[in-house]
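**Student:** Mind looking over this structure? Questions follow.
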Amino acid sequence: MQKRIGLMVAFTLFLLTVQAQQKLNYPEVDKVSYELFLQGKWAELIEYSKGARQQGIDFFYLQARTGIAYYNLKKYRTASEWFLKAWESDQSFEWLQEYLYYSLIWGGRASEAYKLAGSFSPGIQDKIDFSEKKITRVGLEAGYTFNPDFETLSAASHGQQASLGEDYGEAFYLKNYHFESVDLSHRITPGISVNHNLTYVGLNREQRIDWGSGNSFPMKTNQFQYYLNPHFVLGKKLNVSPSITAIWGNYDLFLGGFTGNQMKMFYNSSANFSDFVFSTSAWSHFGSLSPGAEINLANITDKKFTQLSAWLTIYPFSNLSFYFTPRAYFKSSEESGFGYNTFGVSGGAQLGPVHFYGQYLNGDMENFIEAGGYVVSNFSGVSEQKFSGSFYFLTGKKYQLVLRYLSQDVTETYKVYTNLVESNSVSYNYMKHTLTAGISWNFQ
24 MQKRIGLMVA
34 FTLFLLTVQA
44 QQKLNYPEVD
54 KVSYELFLQG
64 KWAELIEYSK
74 GARQQGIDFF
84 YLQARTGIAY
94 YNLKKYRTAS
104 EWFLKAWESD
114 QSFEWLQEYL
124 YYSLIWGGRA
134 SEAYKLAGSF
144 SPGIQDKIDF
154 SEKKITRVGL
164 EAGYTFNPDF
174 ETLSAASHGQ
184 QASLGEDYGE
194 AFYLKNYHFE
204 SVDLSHRITP
214 GISVNHNLTY
224 VGLNREQRID
234 WGSGNSFPMK
244 TNQFQYYLNP
254 HFVLGKKLNV
264 SPSITAIWGN
274 YDLFLGGFTG
284 NQMKMFYNSS
294 ANFSDFVFST
304 SAWSHFGSLS
314 PGAEINLANI
324 TDKKFTQLSA
334 WLTIYPFSNL
344 SFYFTPRAYF
354 KSSEESGFGY
364 NTFGVSGGAQ
374 LGPVHFYGQY
384 LNGDMENFIE
394 AGGYVVSNFS
404 GVSEQKFSGS
414 FYFLTGKKYQ
424 LVLRYLSQDV
434 TETYKVYTNL
444 VESNSVSYNY
454 MKHTLTAGIS
464 WNFQ
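Under the working numbering, the letters of the sequence shown match residues 24 to 467, in that order.
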């Protein structure tokens with residue numbers, strides 16, 4: 024019995040000795056972490072710092088070294104969190120300012136980087152070419168959209184399908200459209216920037232009127248769009264971005280009528296239109312996750328509605344080499360109430376010197392507003408699916424080229440009117456394809 028008690032005492036003393044040997048202290052953690060830092064053993068440094076923090080040991084240099092370890096492993100979003108912790112303790116070191124700035128830039132948090140850069144030393148501001156007030160970006164882009172099914176649709180017998188008879192039948196077949204766009208972004212203060220965009224769209228359709236006989240008329244729409252988007256960084260990492268989109272233009276169309284002796288006739292008419300969208304989005308960053316939400320208040324084609332969306336951007340590798348964003352859209356209107364509308368997935372990947380960004384949308388997209396209110400689908404028709412892909416090419420330090428391709432299905436309606444009242448209709452489908460190219464100058 025005494026031998027057993029002796030063995031238990033000896034074993035307990037052994038455990039206490041091992042625990043005492045494993046117990047870390049500040050000088051030891053400082054020494055070992057610095058040695059691992061000098062040797063460039065980044066993974067070991069990260070694990071060692073975790074063990075130290077589990078024992079309640081943390082300090083400025085350990086936070087900075089942990090950030091540098093993640094930075095050298097290209098896990099910039101994680102690195103920025105540790106640099107921010109160190110920054111809260113001491114903001115005087117220029118090497119920390121530089122590490123913090125580039126970890127935010129390469130981690131997809133550029134707006135926060137620019138806000139913090141306003142408090143950097145003059146030497147670092149000169150090194151990163153930072154100015155509190157400046158034009159940060161100028162861009163030009165042009166695109167062309169076409170309907171490969173135009174000839175088939177314009178020759179189709181939609182009137183017969185709709186049992187037209189002696190009534191009045193009408194459809195508008197999309198042929199093509201082109202757009203030209205100018206972007207300008209500038210910084211007002213380190214935490215406030217403003218984006219502007221002016222876009223012209225020239226849309227060509229064929230108006231089909233079946234009334235006694237088949238008649239086709241060219242139809243031209245001129246549309247202008249101005250987009251104003253301030254961006255605020257509130258506090259440490261809350262991004263708030265309201266925007267206003269004003270759309271206006273005019274179009275020509277033909278209408279049927281009767282002459283004085285009751286003969287059928289067609290005459291040209293013109294009309295003006297205007298649409299409006301107000302949007303506000305907010306998002307923040309938590310490690311490799313960035314959640315956000317947006318609300319859009321709109322009046323498009325004389326229909327008032329509210330569109331809501333929420334998303335979560337995921338950065339699996341804690342950098343911009345690959346990321347994806349699932350997003351759900353909801354819509355509320357007087358006609359249909361509130362409900363689910365569309366689901367989308369977007370994402371990007373760095374392919375050497377080329378950055379790819381793609382998006383897929385699936386839902387009930389009529390008068391649909393995409394992220395930030397920048398793209399507004401105010402043309403006639405309903406879409407169920409849309410795919411887009413963009414390739415960005417960096418040329419030099421300040422220039423960037425972009426090529427895009429978009430494909431979208433559209434459903435429109437051939438309508439029949441009896442005594443000026445819609446009495447029947449037939450839906451028809453087509454795909455529209457868009458190619459765009461642009462160049463931007465980035466001055467940041």
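Every residue gets a Cβ at the ideal spot worked out from N, C-alpha and C, and that includes glycine.
Quantities reported herein were computed from a predicted structural model and do not represent experimental measurements.
Excluding the five sequence neighbours on either side, which residues of its own chain have a C-beta within less than 6 Å of the C-beta of Leu-429, listed in chain order?
**Tutor:** Position 406 of the sequence shown, counted from the start, is the residue given in the question as residue 429. Correct list, in chain order: Ser-411, Thr-457.
**Student:** Quick check for students: name the residue ranges of the alpha helix (DSSP H) that lie wholly in the stretch 165-189, counting only runs of 4 or more.
**Tutor:** 173-178, 181-184
**Student:** Only counting the same chain, and skipping five residues up and downstream in sequence, which positions put a Cβ closer than 7 Å to that of Ser-144?
**Tutor:** Counted from its first residue, the sequence shown places residue 144 at position 121. For Ser-144, where only same-chain residues beyond five positions count, the Cβ hits under 7 Å are Glu-117, Gln-120.
**Student:** Tell me whether Phe-281 is buried or exposed, calling it buried when 16 or more other Cβ atoms sit within 10 Å of its Cβ.
**Tutor:** In the sequence shown, the residue the question calls residue 281 occupies position 258. That one is exposed.
**Student:** Helix, strand or coil, according to DSSP, for Glu-206 in the structure here?
**Tutor:** Residue mapping note: residue 206 aligns to position 183 of the sequence shown, counting from 1. In the sequence as presented, Glu is not what sits at residue 206; that position holds Asp. If DSSP states are grouped into helix, strand and coil, Asp-206 belongs with the strands.
**Student:** What span of residues does the alpha helix (DSSP H) with Leu-59 cover, start to end?
**Tutor:** On the sequence shown, position 36 is the one that residue 59 refers to. It spans 49-62 - the alpha helix (DSSP H) in which Leu-59 sits, taken as one unbroken run.
**Student:** For Ser-72 and Tyr-249, what's the separation of their Cα atoms in angstroms?
**Tutor:** If you number the sequence shown from 1, residue 72 lands on position 49. If you number the sequence shown from 1, residue 249 lands on position 226. Going from the Cα of Ser-72 to the Cα of Tyr-249 covers about 51 Å.
**Student:** Helix, strand or coil for Gln-467? Go by DSSP, reduced to three states.
**Tutor:** Stepping through the sequence shown from its first residue, residue 467 is reached at position 444. Three-state DSSP puts Gln-467 in coil, outside helix and strand.
**Student:** Are the stretch 131-140 and the stretch 203-218 touching, with three or more C-beta to C-beta distances below 8 Å?
**Tutor:** Under the Cβ criterion (8 Å, minimum of three pairs), the stretch 131-140 counts as touching the stretch 203-218.
**Student:** Of all the options Gln-77, Gln-148, Ser-103, which has the alpha carbon lying nearest to the alpha carbon of Ala-129?
**Tutor:** Numbered from 1 along the sequence shown, position 106 holds the residue referred to as residue 129. Note on residue identity: the sequence assigns Trp, not Ala, to residue 129. Residue Ser-103 is the option with its Cα nearest to Trp-129.
**Student:** Out of curiosity, what's the CA-to-CA distance linking Thr-222 and Gly-166?
**Tutor:** One-based indexing of the sequence shown puts residue 222 at position 199. One-based indexing of the sequence shown puts residue 166 at position 143. C-alpha separation (whole angstroms): 11 Å.
**Student:** For Gln-44, which residues in the same chain have their Cβ closer than 6 Å to its Cβ, ignoring the five residues on either side in sequence?
**Tutor:** Reading the sequence shown from its first residue, position 21 is the one you call residue 44. Low confidence applies to Gln-44: its pLDDT is 47, below 50, so where it sits in the model is not reliable enough to give any reading.
**Student:** Which partner residues of Met-471 appear in the DSSP bridge assignment?
**Tutor:** Residue 471 lies beyond the range of the chain shown here (24 to 467); nothing can be said about it.
**Student:** Report the rounded CA-to-CA distance for Ser-126 versus Ser-264, giving the unit in angstroms.
**Tutor:** Walking along the sequence shown from the start, residue 126 turns up at place 103. Walking along the sequence shown from the start, residue 264 turns up at place 241. Straight-line Cα distance between these residues: approximately 22 Å.
**Student:** How big is the Cα-Cα spacing for Leu-278 and Gly-192?
**Tutor:** The count along the sequence shown starts at 1 and reaches residue 278 at position 255. The count along the sequence shown starts at 1 and reaches residue 192 at position 169. Going by the C-alpha atoms only, they are around 11 Å apart.
**Student:** Using C-beta distances below 7 Å, list every residue in its chain close to Gln-86, excluding the 5 sequence neighbours before and after it, in chain order.
**Tutor:** Counting from 1 along the sequence shown, the entry for residue 86 is found at position 63. Answer for Gln-86: Trp-105, Lys-108, Ala-109, listed in chain order.
**Student:** With a threshold of 8 Å, are at least 3 pairs of Cβ atoms found where one atom belongs to the stretch 224-232 and the other to the stretch 190-207?
**Tutor:** The stretch 224-232 makes contact with the stretch 190-207; the number of CB pairs closer than 8 Å reaches 3 or more.
**Student:** Would Leu-226 pass as a contact of Tyr-274 if the rule is Cβ separation under 9 Å?
**Tutor:** Residue mapping note: residue 226 aligns to position 203 of the sequence shown, counting from 1. Residue mapping note: residue 274 aligns to position 251 of the sequence shown, counting from 1. Cβ distance < 9 Å, so Leu-226 and Tyr-274 count as in contact.
**Student:** For a cutoff of 9 Å on Cβ pairs, would you count Thr-418 as touching chain B?
**Tutor:** Of the chains in the structure shown, none is chain B; there is only one protein chain.
**Student:** What span of residues does the beta strand (DSSP E) with Phe-347 cover, start to end?
**Tutor:** Position 324 of the sequence shown, counted from the start, is the residue given in the question as residue 347. Segment 345-356, the beta strand (DSSP E) holding Phe-347.
**Student:** Please report how far the alpha carbon of Ile-200 lies from the alpha carbon of Ser-450, in whole angstroms.
**Tutor:** For the purposes of this step, residue 200 is taken as the residue at position 177 of the sequence shown. For the purposes of this step, residue 450 is taken as the residue at position 427 of the sequence shown. According to the sequence shown, residue 200 is Tyr rather than Ile. When rounded, the distance between both Cα atoms is 22 Å.
**Student:** Which residues does DSSP list as the beta-bridge partners of Gly-371?
**Tutor:** To locate residue 371, count along the sequence shown from 1; it is residue 348. BP columns for Gly-371 point to Tyr-346, Tyr-380.
**Student:** Are the Cβ atoms of Leu-424 and His-378 separated by less than 9 Å?
**Tutor:** Taking the sequence shown and counting its residues from 1, the one referred to as residue 424 is at position 401. Taking the sequence shown and counting its residues from 1, the one referred to as residue 378 is at position 355. No.
**Student:** Residues in the same chain with beta-carbon distance under 7 Å from Asn-170, minus the five sequence neighbours each way, listed in chain order, please.
**Tutor:** As a first step, residue 170 must be located in the sequence shown, where it is residue number 147. Correct list, in chain order: Leu-197, Lys-198, Asn-199, Tyr-453, Lys-455.
**Student:** Determine the DSSP secondary structure at Asn-95, reduced to helix, strand or coil.
**Tutor:** By 1-based counting over the sequence shown, the position of residue 95 is 72. Of the three classes helix, strand and coil, the one that applies to Asn-95 here is helix, per DSSP.
**Student:** Where Leu-391 and Glu-358 are concerned, what is the direct C-alpha to C-alpha distance, given to the nearest angstrom?
**Tutor:** Taking the sequence shown and counting its residues from 1, the one referred to as residue 391 is at position 368. Taking the sequence shown and counting its residues from 1, the one referred to as residue 358 is at position 335. At residue 391 the sequence reads Phe, which differs from the Leu that was named. Taken atom to atom, the span from the alpha-carbon of Phe-391 to that of Glu-358 is near 16 Å.
**Student:** Between Ser-344 and Gly-141, what straight-line distance do the alpha-carbon atoms span, to the nearest angstrom?
**Tutor:** The count along the sequence shown starts at 1 and reaches residue 344 at position 321. The count along the sequence shown starts at 1 and reaches residue 141 at position 118. In a straight line, the C-alpha of Ser-344 is about 27 Å away from that of Gly-141.
**Student:** Taking the C-alpha atoms as reference points, what is the distance between Tyr-84 and Asn-252?
**Tutor:** As a position in the sequence shown, residue 84 is number 61, starting the count at 1. As a position in the sequence shown, residue 252 is number 229, starting the count at 1. One C-alpha to the other measures close to 40 Å.
**Student:** Would the beta-carbon of Ala-321 fall within 9 Å of that of Phe-301?
**Tutor:** As a first step, residue 321 must be located in the sequence shown, where it is residue number 298. As a first step, residue 301 must be located in the sequence shown, where it is residue number 278. Result yes, Cβ atoms of Ala-321 and Phe-301 sit closer than 9 Å.
**Student:** In three-state terms, what does DSSP make of Gln-44?
**Tutor:** For the purposes of this step, residue 44 is taken as residue 21 along the sequence shown, with counting starting at 1. Low confidence applies to Gln-44: its pLDDT is 47, below 50, so where it sits in the model is not reliable, and the reading given next is rough at best. Gln-44: helix per DSSP, three-state reduction.
**Student:** Mind checking whether Gln-373 and Tyr-352 have CB atoms under 9 Å apart?
**Tutor:** By 1-based counting over the sequence shown, the position of residue 373 is 350. By 1-based counting over the sequence shown, the position of residue 352 is 329. No, Cβ-Cβ distance for Gln-373 and Tyr-352 is not below 9 Å.
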